[in-house]
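Heads up: the structure comes next, in structure tokens.
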Amino acid sequence: MVFMARLVYVVLGAFGHMGPKRLDPGFEVLFQAFSGLMDNTGDPDGQPMRMGAAVCDLGTGLWTVLGALAGLRQRETTGKGVVVNTSLLETAMFLLTTQFVSHKATGKRPVRHPTGSPRVVVFEAFDAADGRILITAATDRLFKRLGRALGCGDWAESPAFEGNAARMERHGEIVRDIQAALANGSVREWMEVFEAAGVPASPINNLAEALEEPQVQALDMVVDVPERDGMQALALPISFDGRRPAVRAPAPGLGVDNALLGLDDPWTGA
């Protein structure tokens with residue numbers, strides 16, 4: 075950095091830039107296992123499970139961009155560059171912020187919940203007649219709305235259900251009553267009821283179902299890839315002045331950008 079003092083140099087690693095494993099390789103699922111993410115995912119009575127999305131890969135990319143932008147801002151204000159380090163392990167650990175706070179406060183291992191939170195009522199999934207619905211009536215106001223929507227008027231009136239702590243004490247009873255009610259209707263029927271009542275809820279969609287949701291389609295999340303007939307991709311999840319950045323070109327092939335790097339011969343290494 076002495077001879078290029080204004081350079082913003084970004085290093086994205088596996089286990090981080092220091093420590094005994096700093097030179098070790100790794101993959102997404104490995105960091106979910108190493109960090110504790112897998113141990114916090116799945117049924118509390120089952121085995122740890124991998125999270126369905128590549129949260130370490132994608133999250134590290136985001137932190138890397140933020141670091142690069144912060145480095146450029148530093149250079150703009152001080153005239154000096156910086157080395158920016160990110161890693162998949164650091165991202166994985168940071169994703170456990172909520173569990174870390176709980177662990178430090180109680181000294182106990184965080185408890186898994188298969189669909190929601192073990193510390194909030196109501197905040198989990200239930201079985202309707204033809205599928206599953208996730209309900210997040212986490213506040214007093216929302217819980218009262220849920221009670222009225224389900225025909226459980228006492229939930230809205232009785233002090234026994236006031237506050238999350240009181241509801242946690244009656245967790246089994248509340249979950250049982252919700253499950254009994256939802257079994258009598260379809261996902262679509264209950265979603266109409268909850269939307270009318272102002273209760274946050276969602277069907278548990280698969281990817282194909284999510285892509286058919288009117289809200290997803292309204293956001294134009296699926297875009298065509300230029301120069302690749304019939305190929306589509308998910309758009310960037312950001313808009314500027316209401317407009318989403320366009321996909322201007324497909325991912326470059328091997329060696330396509332050599333000229334930008336000052337390389338004359340094609341790069342054939344992996």
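Numbered as in this note's numbering, the sequence shown ends at 344 without a single skipped number.
Ideal Cβ positions, reconstructed from N, Cα and C, are used throughout, including at glycine.
No experiment lies behind these values; they were computed from the predicted model shown.
Does the distance from the CB of V194 to the CB of A179 come in under 8 Å?
no
Range of the contiguous alpha helix (DSSP H) that encloses L163:
162 to 168
In three-state DSSP terms, what is G87?
strand
When DSSP labels each residue in this structure, what does E198 get in the three-state scheme?
strand
Inter-residue spacing [alpha-carbon to alpha-carbon] between W264 and L328
51 Å
Which residue wins for smallest C-alpha separation from I312, given the options P300, M295, E301?
M295
Using CA atoms only, rank isn't needed, just tell me which of A257, L285, L81, I278 is closest to G153.
L81
Limits of the unbroken alpha helix (DSSP H) element including Q289:
288 to 292
Euclidean distance between Cα positions of P319 and L310
7 Å
Contacts around G116, its chain only, beta-carbon distance under 8 Å, and the 5 residues preceding and following it disregarded
P122, M123, R186, P188
Below 8 Å between beta carbons: does that hold for D214 and G181?
no
Have a look at the DSSP bridge pairing and note the partners of Q306.
D298
Cα-Cα separation, A344 to R250
With a pLDDT of 44 at A344, under the threshold of 50, the modelled position of that residue is not reliable, and no figure is offered here.
If I measure Cβ to Cβ from K95 and keep anything under 6 Å in the same chain, skipping five residues before and after, which residues do I get?
F89
8 Å contact criterion, which Q306 and V297 should meet: CB distance rounded:
7 Å
On the DSSP bridge assignment, give the partners of I207 in chain order.
F200, P277
Let me know the secondary structure DSSP gives V185 once reduced to three states.
coil
Buried or exposed: E164, going by 16 or more other Cβ atoms within 10 Å of its Cβ?
buried
As a quick exercise: from L256, I278, E243, pick the residue whose alpha carbon is nearest that of G221.
L256
What residues are listed by DSSP as bridge partners for F314?
R317
Whose C-beta lies closer than 8 Å to the C-beta of P99 among residues of the same chain, with five residues either side of it excluded?
A88
Any non-hydrogen atom of the ligand PLP closer than 7 Å to I207 Cβ:
Inclusion of the ligand PLP in the displayed structure is not the case, the ligand content being empty and no account of it being possible.
M242 lies in the alpha helix (DSSP H); which residues open and close that run?
238 to 243
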